[in-house]
Structures are given as structure tokens and as C-alpha cells.
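Participant:
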Amino acid sequence: MGAFIAKLLLPTVSSLVFLPTASVAAKRGFHMEAMVYFFTMFFTAIYHACDGPGLSILCFMRYDILEYFSVYGTALSMWVTLIALGDFDEPQRSSITMFGVLTIAVRIYQDRWGYGVYSGPIGSAVFIITVKWLQKMKQLRSVYPEKSVYTQQVGPGCCFGALALMLRFYFEEWDYSYVHSFYHLSLAVSFVLLLPKKNRYSGDGRNAAKLSCFTLCCCVRLTDYDHHSVLTREESWSSL
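Throughout the sequence shown, residue numbering follows mature numbering (1 follows the signal peptide of the UniProt record, and there is no 0), covering -15 to -1, 1 to 225 in sequence.
Here it is, written out as C-alpha cells:
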């Protein structure tokens, strides 16, 4: 009986593997991606917990809503990971990311279990990345990015991603609990491998933002230089 219950809880426990993925993403400076991974982990774990024995108390939403957010978070995680791999400049990066957020939400609302749920975001992201990298290769007349990116990130990451999708769509009938748990693990490893080692937009800390009432009320990011300028103006006004 204990082994049976453990088997039922295995998909829920394996969903927590996205938590280390979110931690790695945050450490590398990909905070938006980390939030998406945490979102995926949370709703996937709750969704599978609702299938487990004696855990219906955790179902704070309707089952179909939890199912939607679980699938949506997984597809969105694939999208933001691939866009981060593409290393786009702003504002292209934000625009492409938001395009995926909106289109994936609509697509999954129509069909949550078809092949297009994941193949659509993956295919679109791969196409966009390929166009961008080919343009860079044409400009630089050399391989872009470095060969190490292909051998250490793209190759292994795509292998684990392909393994995850194969487990998800072709082998779950063998033993759902174990196969789906390995699907979670393979997908999380794929995200870690594909995510670049550092986010070049995260900054180096030299121009850290200062949190103040001015920042909160006016929604303006204050750097060290800006903060000094504001203080100087305040001192000049007080002297008057």
C-alpha cells in the first residue's frame, strides 16, 4: 500500500525539480525565466497533487484551471528558455517574449494536449533563433555563436528536450508515474543546459538601482549617479 501511494505521489514530488532550475536561472541573472520556472513548478505540483490520495485539500482552484496553468507554464518555460538562448537585443527580446506569452495562452486554451502545444512554441523559437544566428554569421563571416555553445549547450540541451517530449507523448502509457517523473527531470535538465551561463542584461552591480519613495512613486530606476543628482537637487532646494 505504501509503495502504491508513493507511486501516486511521484509526479508531484518530481515537479519540484523545477525549483533548482529556477534557482540556477536566478543565479545566472535570468530573473524573468526563474519566475516562469517557479510558476511552472507550483502549478504542476498542485495539479498532480490533486490526483494523489488525500491531497484534494490542496486544490485551491478548479481542476481544469490547474491543468491549464500547468500546461501553459511548461510551454512558456520552453519559449523563454529558447529566447534566452537566442541572446536577442532589446527591444526585440521583450517583444518576442511577450508575443510568445500571448499566443501560447490562446493556443493552449483551444487545445491543451495536442502536439502543437509544445511543437508550436519550439518551432517558432527555433526559426527565429536560426534567422538571427544566420544573419550574425553572414555579418561576421564565421561561426556564431562560439562552437562551445553548440557542443555544451545546444546539443545536450536539445537531446534532453527531445527525450522529454518523447517520454511525454509516446511512452507515458507504459507507466505514467515513472515516465512522467522522468519527463519532468529531463525537461528541467534541458532548461538548465540551454540557458546561457550569464544574462548580459542583468548588469554587473556597478549601477545598482536605488529603492526610494521616488523610485516607487514615479516608477523610475535610479542609478548611483541619478541618486546623487536627486540628493544634490534636494539639498539645493532646502537651502533656499
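Don't be surprised by glycine CBs; every beta carbon is placed ideally from N, CA and C.
Hey, quick one: how far does the alpha helix (DSSP H) through Thr25 stretch, first residue to last?
Facilitator: Counting along the chain, the alpha helix (DSSP H) containing Thr25 begins and ends at His16 to Ala34.
Participant: Compute the Euclidean distance between the alpha carbons of Ile93 and Tyr103, then round it to the nearest angstrom.
Facilitator: Answer to the nearest angstrom: the Cα atoms are 9 angstroms apart.
Participant: In whole angstroms, what is the alpha-carbon distance linking Phe28 and Ser55?
Facilitator: Answer to the nearest angstrom: the Cα atoms are 5 angstroms apart.
Participant: Between Tyr161 and Ile107, what straight-line distance do the alpha-carbon atoms span, to the nearest angstrom?
Facilitator: Approximately 24 angstroms between the Cα atoms of the pair.
Participant: Got a sec, what are the start and stop residues for the alpha helix (DSSP H) Val174 sits in?
Facilitator: Tyr161 to Leu179 is the extent of the alpha helix (DSSP H) around Val174.
Participant: Have a look at Gly142, Thr(-4), Tyr22 and Trp118 and flag the residue whose alpha-carbon is nearest the alpha-carbon of Gly71.
Facilitator: The residue with the shortest Cα to Cα distance from Gly71 is Trp118.
Participant: So, using beta-carbon positions, are Pro5 and His165 closer together than 8 angstroms?
Facilitator: Not in contact: Pro5 and His165 (Cβ atoms no closer than 8 angstroms).
Participant: Buried or exposed for Ala147, please, with buried defined as at least 16 other CB atoms from any protein chain shown within 10 angstroms of its CB.
Facilitator: Per the 10 Å Cβ criterion, exposed.
Participant: Which term fits Gln138, buried or exposed, when burial requires 16 or more other beta carbons within 10 angstroms of its beta carbon?
Facilitator: By the 10 Å Cβ count, Gln138 comes out buried.
Participant: Counting beta carbon pairs with one atom in the stretch 153 to 160 and one in the stretch 112 to 131, are three or more of them shorter than 8 angstroms?
Facilitator: With the cut-off at 8 angstroms, the stretch 112 to 131 and the stretch 153 to 160 do not touch.
Participant: Looking at the unbroken alpha helix (DSSP H) that takes in residue 235, where does it start and where does it end?
Facilitator: Nothing about residue 235 can be reported from this structure: the residues present for the chain run from -15 to 225 only.
Participant: Over the uninterrupted alpha helix (DSSP H) stretch that includes Cys144, give me the two end residues.
Facilitator: From DSSP, the alpha helix (DSSP H) with Cys144 extends over Gly140 to Tyr155.
Participant: Using only the alpha-carbon positions, how far apart do Ser175 and Leu43 sit?
Facilitator: Spanning the two alpha carbons is a distance of roughly 29 angstroms.
Participant: So, with DSSP's three-state summary, where would you put Val128?
Facilitator: Coil at Val128, not helix or strand.
Participant: CA-CA distance, Ala194 and Leu125?
Facilitator: Residue placement at Ala194 cannot be trusted, given a pLDDT of 45 that sits under 50; the coordinates are not used to answer.
Participant: Hey, how far is the Cα of Ala60 from the Cα of Ala34?
Facilitator: Each residue's alpha carbon lies about 20 angstroms from the other.
Participant: How about Thr82 and Ile68: do their beta carbons lie closer than 8 angstroms?
Facilitator: Cβ atoms of Thr82 and Ile68: closer than 8 angstroms.
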